[in-house]
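> Please find one structure pasted underneath; my questions will follow.
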Amino acid sequence: MVNVLVIGSGGREHAIGWKLEQSNNVDRVFHAPGNGGTLNNIPISVDNLDELAKFASENNCFTVVGPEAPLAMGIVDMFNERGLKIFGPTKESAQLESSKIWAKQFLKRNNIPTASFEVFDDAVKAKEYVNQIEYNVVVKADGLAAGKGVIVCDSKDEAEKSIDMMLVDKKFGDAGNNIIIEERIDGIEASYIALSDGKIAIPMATSQDHKRIFDNDKGPNTGGMGAYSPTPIIDKDLSQKIQEKIIDKTISSLRNEGITFKGFLYAGIMLKDGEPYVLEYNVRMGDPECQPILMRMDSDLFQYLVGSVDGTLEKMPPISWKNKSAVCIVLASKGYPESYTKGDEIFGLGKAFDDAYVFHAGTKEQDKKIITNGGRVFGVTALGDTLESAIKHAYGATEKISWKNKYFRTDIGKKGLTYL
Ligand code: AMP
Ligand code: GLY
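Numbering-wise (our numbering), the sequence shown opens with residue 387 and increments by one.
Structural data, given as structure tokens:
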């Protein structure tokens with residue numbers, strides 16, 4: 387049997403490790419660097435590729451990469467060169483996420499539906515452009531900015547300020563040297579995640595994230611404040627449409643361009659008048675979408691990850707899912723996604739969580755205590771026979787956990803109820 391090394395320290399990685407622990411084909415699961423809730427933590431940071439490879443090699447590990455940063459750095463290419471098994475896309479494939487400009491140009495030349503856009507590196511020209519068009523825009527930094535480099539603008543004034551923030555004030559550093567200005571599409575948003583081996587892509591369960599910090603989708607975007615699965619927004623017909631027009635087309639277009647995409651392909655979708663548009667690609671599982679999705683997964687995740695690496699997904703049965711709903715509520719530190727405190731002691735984790743699982747994210751263990759160590763601190767995830775009961779179970783569990791600066795949205799999953 388093989389060991390697994392999960393790279394990353396968020397709620398997504400805790401959930402991946404938790405699921406892989408249940409596999410009969412996995413011996414031990416290690417986390418690098420992990421968090422206060424993960425087992426077998428190895429103190430190697432996600433960008434120390436050399437040490438990660440060394441650990442994986444010495445400990446007979448199949449490596450699973452959670453976050454985008456090491457993928458964009460080329461961890462998969464490097465492990466492959468050393469003959470180490472690793473799940474995830476290569477550096478070239480990861481451009482779908484690491485460069486929004488690369489992704490938009492790919493979408494355009496392959497006729498995959500997306501909002502119209504222009505690219506700028508000059509603030510004066512960008513503002514001129516914004517002032518000559520009729521519609522509202524979204525301003526996006528080209529590079530990786532932890533889900534925060536996107537500003538959905540309500541006015542020309544806001545667009546101008548966003549342009550200055552990125553191109554003049556360099557709020558996102560080099561990630562904002564080039565920006566995209568694209569048409570704002572007002573519709574319903576959902577996440578569609580598939581698993582590919584470069585030849586085919588098999589869908590994961592559907593889900594919906596809650597990106598804004600405050601209830602009723604108010605306030606700035608975050609990495610995600612909660613998610614549920616499945617979402618009634620993506621019914622069978624729509625699922626098939628997204629699979630064919632977006633996911634399969636992406637994988638085959640990449641292949642035509644000489645790129646074999648292996649890993650999770652995540653399309654952020656906006657639905658308008660029943661038609662799906664790609665807002666963004668991610669080349670990894672969503673966080674927090676991963677938590678409710680994996681809680682519903684009955685199949686052995688490990689075998690599917692191996693199928694992706696080996697190019698054998700076609701031979702595998704469809705993934706089986708629990709016929710239940712799952713909801714994940716993110717408990718954050720007050721102030722997130724801007725500034726927040728770290729080091730607050732957390733209480734209540736020893737209580738019984740009968741119908742929920744507490745995935746840790748920004749936590750760490752210090753002097754036998756668990757303290758906060760990030761903006762998103764937990765993803766409290768629960769199952770229910772219905773979406774309504776899953777919401778109830780998850781919120782019930784959140785009440786048991788407390789610390790000085792705890793903050794969470796009170797309406798996670800509600801959007802799903804209005805579509806039932
Ligand atoms: P992205 O990282 O590109 O997905 O953008 C983050 C969030 O900004 C998305 O989840 C949407 O809520 C919003 N967004 C991005 N692009 C658009 C668009 N063209 N129209 C409306 N909202 C958008
Ligand atoms: N929840 C959105 C993301 O993982 O990018």
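Quick reminder that beta carbons are idealized off the backbone N, C-alpha and C, glycines included.
In this text the structure is predicted, and so the values were computed from the model without any measurement.
What separation, rounded to the nearest whole angstrom, lies between the Cα atoms of K787 and L735?
Numbered from 1 along the sequence shown, position 401 holds the residue referred to as residue 787. Numbered from 1 along the sequence shown, position 349 holds the residue referred to as residue 735. The amino acid occupying residue 787 in the given sequence is Ile; Lys does not appear at that position. Using only the alpha carbons, I get a separation of about 6 Å.
> Could you tell me whether any non-hydrogen atom of the ligand GLY is closer than 7 Å to the CB of D370?
Outside the displayed span of the chain (387 to 806) sits residue 370, for which this structure offers no information.
> Which two residues bound the contiguous beta strand (DSSP E) that contains T758?
Sequence index remark: in the sequence shown, residue 758 carries index 372 (1-based). Looking at the DSSP string, the run of the beta strand (DSSP E) that includes T758 is K755 to T758.
> Which complete beta strand (DSSP E) runs does the segment 395–463 hold, if anything under 3 residues is left out?
With a minimum length of 3 residues, the continuous beta strand (DSSP E) runs that stay inside the segment 395–463 are 412–419 and 447–451.
> Is any beta-carbon of chain C found at less than 8 Å from that of E444?
No chain C appears in this structure, which consists of one protein chain only.
> Could you spell out the range, first to last residue, of the alpha helix (DSSP H) harbouring R598?
Here residue 598 is taken as the residue at index 212 of the sequence shown, counted from 1. Premise fails: R598 lies in the beta strand (DSSP E), R598 to F600, not in any alpha helix (DSSP H).
> Within the same chain, show all residues whose beta-carbon is closer than 7 Å to that of G535, passing over the 5 residues directly before and after it, in chain order.
Residue 535 sits at position 149 when you count from the first residue of the sequence shown. For G535, where only same-chain residues beyond five positions count, the Cβ hits under 7 Å are K526, A527, F558, A561 and G562.
> Would the beta-carbon of E382 be found less than 7 Å away from any heavy atom of the ligand GLY?
Only positions 387 to 806 of the chain appear in the structure, and residue 382 is not among them; the question remains open.
> Could you check if N607 belongs to the surroundings of the ligand AMP, using beta carbon to heavy atom distance under 7 Å?
Taking the first residue of the sequence shown as 1, we reach residue 607 at position 221. Yes, since a heavy atom of the ligand AMP falls inside the 7 Å radius drawn around the Cβ of N607.
> Going by DSSP, name the residue or residues bridged to V390.
Indexing the sequence shown from 1 puts residue 390 at position 4. DSSP, once it has assigned bridges, lists V415 and F448 as partnering V390.
> Among T592, K754, R468 and S725, which one has its Cα closest to the Cα of S625?
Position 239 of the sequence shown, counted from the start, is the residue given in the question as residue 625. That would be T592, whose Cα lies nearest to the Cα of S625.
> Can you check which of these residues, V538, K405 and K720, is closest to L354 by C-alpha distance?
No answer is possible for residue 354: the residues shown for the chain start at 387 and end at 806.
> In chain order, what residues of the same chain lie with their CB nearer than 7 Å to the CB of E478, ignoring the 5 residues before and after it?
As a first step, residue 478 is located in the sequence shown; it is residue number 92 there, counting from the start. Closer than 7 Å at Cβ, skipping near neighbours: I645.
> So if DSSP puts Q752 in a beta bridge, which residue, or which two residues, is it bridged to?
One-based indexing of the sequence shown puts residue 752 at position 366. DSSP, once it has assigned bridges, lists K755 as partnering Q752.
> Is W488 helix, strand or coil when you go by DSSP?
Locating residue 488 in the sequence shown gives position 102, counting from the first residue. Reduced to three states, the DSSP call for W488 is helix.
> Relative to the ligand GTP, is the shortest distance from any of its heavy atoms to the C-beta of L482 smaller than 7 Å?
No copy of the ligand GTP occurs in the structure displayed; its ligands are the ligand AMP and the ligand GLY alone.
> Counting pairs of beta carbons, one from the segment 418–437 and one from the segment 705–716, are three or more of them closer than 8 Å?
Too few Cβ pairs lie closer than 8 Å, so no.
> Determine the DSSP secondary structure at M551, reduced to helix, strand or coil.
Stepping through the sequence shown from its first residue, residue 551 is reached at position 165. Note: M551 maps to helix in three-state DSSP.
> Does the segment 593–605 come close enough to the segment 655–669 that 3 or more CB-CB pairs lie under 8 Å?
Contact between the segment 655–669 and the segment 593–605 is absent, because fewer than three Cβ pairs lie under 8 Å.
> Taking 6 Å as the limit between beta carbons, can you name the residues of its chain near M809, skipping five residues before and five after?
The chain is shown from 387 up to 806; residue 809 falls before or after that span and cannot be answered.
> I'd like the span of the beta strand (DSSP E) that includes L769, first residue to last.
Here residue 769 corresponds to residue number 383 of the sequence shown, with the count starting at 1. R762 to G770 is the extent of the beta strand (DSSP E) around L769.
> Under 8 Å: do the segment 723–735 and the segment 772–783 share three or more Cβ pairs, one atom per stretch?
They do not touch, by the three-pair rule.
> Along the chain, where does the beta strand (DSSP E) containing G654 start, and where does it finish?
Along the sequence shown, read from residue 1 onward, the residue named residue 654 stands at position 268. Looking at the DSSP string, the run of the beta strand (DSSP E) that includes G654 is K648 to K658.
> Verify whether the separation of the beta carbon atoms of F503 and E546 is less than 8 Å.
Within the sequence shown, residue 503 is the residue found at index 117, counting from 1. Within the sequence shown, residue 546 is the residue found at index 160, counting from 1. Not in contact: F503 and E546 (Cβ atoms no closer than 8 Å).
> Could you check if P475 belongs to the surroundings of the ligand GLY, using beta carbon to heavy atom distance under 7 Å?
In the sequence shown, residue 475 corresponds to position 89, counting from 1. No, since every heavy atom of the ligand GLY falls outside the 7 Å radius drawn around the Cβ of P475.
> Can you look up F688 in the DSSP assignment and give me helix, strand or coil?
Position 302 of the sequence shown, counted from the start, is the residue given in the question as residue 688. In this structure, F688 counts as helix in the three-state DSSP scheme.
> In terms of residue numbering, what span does the alpha helix (DSSP H) encompassing G782 cover?
On the sequence shown, position 396 is the one that residue 782 refers to. Element bounds for G782: L773 to T784.
> When every heavy atom of the ligand GLY is checked, does at least one fall within less than 7 Å of the C-beta of E675?
Looking up residue 675 in the sequence shown gives position 289. Yes; taking the cut-off as 7 Å, the Cβ of E675 has a heavy atom of the ligand GLY nearer than that.
> Following a CB-centred definition, is S603 positioned closer than 7 Å to any heavy atom of the ligand GLY?
For the purposes of this step, residue 603 is identified with residue 217 of the sequence shown, where counting begins at 1. Rather than Ser, the amino acid found at residue 603 in this sequence is Asp. Because no heavy atom of the ligand GLY lies under 7 Å away, the Cβ of D603 does not count as near it: no.
> Return the chain-ordered list of same chain residues with a C-beta closer than 6 Å to the C-beta of I472, the five sequence neighbours on each side being excluded.
The residue you call residue 472 lines up with position 86 of the sequence shown. Counting only Cβ-Cβ distances below 6 Å, and skipping sequence neighbours, we find T449, V462 and F465.
> At a cut-off of 7 Å, is D595 close to the ligand GLY when judged by its beta-carbon and the heavy atoms of the ligand?
The count along the sequence shown starts at 1 and reaches residue 595 at position 209. Yes, since a heavy atom of the ligand GLY falls inside the 7 Å radius drawn around the Cβ of D595.
> Alpha carbons only, please: which of D684, G697 and L691 is nearest the one belonging to W707?
Within the sequence shown, numbered from 1, the residue matching residue 707 stands at position 321. If we check each option's Cα against that of W707, D684 comes out closest.
> What first and last residue would you give for the alpha helix (DSSP H) that runs through Y515?
Your numbering for residue 515 matches position 129 in the sequence shown. Start and end: A509 to Q518.
> Spell out a yes or no on whether the segment 762–774 and the segment 394–404 are touching, meaning 3 or more CB-CB pairs, one atom from each, closer than 8 Å.
The segment 762–774 is in contact with the segment 394–404.
> Starting from G474, trace the alpha helix (DSSP H) both ways and give me its first and last residue.
Counting from one through the sequence shown, the residue named residue 474 turns up at place 88. Note, G474: premise wrong, no alpha helix (DSSP H); not H, not E.
> Looking at C-alpha atoms only, which residue of E520, Q752, P453 and I619 is the closest neighbour of V669?
On the sequence shown, position 283 is the one that residue 669 refers to. Looking at the Cα atoms, P453 is the closest of the given residues.
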